[in-house]
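> In terms of this note's numbering, the sequence shown is residues 7 to 164.
A virtual CB, placed ideally from N, CA and C, is assigned to each residue, including glycine.
Have a look at this one before I ask anything.
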Amino acid sequence: SAAMRQRAVADIDRARDQLAAEVVRLGRTLRDLELESQGRTWLSCEHIVAGDRPRFEAALAALHELIGRYPRPRYQWVAHNLGALGALWSGDWRRAEEQALAALALAQRIGDDQIAAAAWLQTFVARRERGLRPEDEGILRLPAARSPASPVPHALLA
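As structure tokens, then:
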């Protein structure tokens, strides 16, 4: 039944949230900053999926604090990427663009076009919401060319 399915999905979501929180706890207990960073990343993502903005903001702030002590490009990118998502979620277009551009700079520094695509998309959305100029469409032309099978950049440019 629909009620049983909803309960099962809620149980799975709760278990994933608990697992992410346990990874954070283990990382802290073991003083393993890599493990804690991964757990904080998962926890932030789980709060986005759950639509829980206060818990997401708290988890993101904790991740930012942690990368101050453990400045790895991967987690710096994650924090900026999630920061852009959070800003888009709250309608703060300028902060979304700032965070997306910071994530893009990290992606370009490490030479990862896959993760750069998310930042290009976030930048495009933030600019569009503020009144996109035709020349701003250029930020999506590269991901569209590199991922011809992906409908997202093509749909946004249509």
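Curious, which full-length alpha helix (DSSP H) runs of at least 4 residues does the segment 65–99 contain?
As far as the segment 65–99 is concerned, its whole alpha helix (DSSP H) runs of at least 4 residues are 79–96.
> So Ala109 and Ala125 are supposed to be a Cβ contact under 8 Å. How far apart are they, rounded?
Right, their Cβ atoms sit about 4 Å apart.
> Take Ser156 as the anchor and find which of Gln120, Asp17, Gly74 and Gln82 has the nearest alpha-carbon.
Comparing Cα positions, the closest option is Gln120.
> One question on the structure: do Trp99 and Arg136 come within less than 7 Å of each other, judged by their Cβ atoms?
Yes, the pair counts as a contact, with Cβ atoms nearer than the cut-off.
> Do the segment 42–51 and the segment 72–81 meet, that is, are 3 or more Cβ pairs less than 8 Å apart?
At 8 Å Cβ cutoff, the stretches touch.
> How would you label Gly89, buried or exposed, when you count the other beta carbons within 10 angstroms and need 16 or more for buried?
It counts as buried.
> Quick check on DSSP: helix, strand or coil for Asp38?
Asp38: coil per DSSP, three-state reduction.
> In the structure shown, what three-state DSSP assignment does Arg59 receive?
The answer is helix: DSSP assigns Arg59 an H, G or I state.
> Measuring only the C-alpha atoms, how far is Gly92 from Leu32?
When rounded, the distance between both Cα atoms is 26 Å.
> Assuming the contact rule is C-beta atoms closer than 8 Å, His53 and Ala65 should be a hit. Round their C-beta distance to whole Å, please.
Confirmed, Cβ separation roughly 6 Å.
> Take the Cβ of Glu42 as the centre, count every other Cβ of all protein chains shown within 10 Å, and call the residue buried at 16 or more, exposed below.
It is buried - the Cβ of Glu42 has at least 16 other Cβ atoms within 10 Å.
> Who are the near neighbours of His86 in its chain, counting only those whose CB is closer than 6 Å to its CB and skipping five residues on each side?
Excluding residues within five positions, the ones whose Cβ falls inside 6 Å are Gln105, Ala108 and Ala109.
> Distance, Cα to Cα, Ala150 vs Thr35?
Whole-angstrom Cα-Cα distance: 44 Å.
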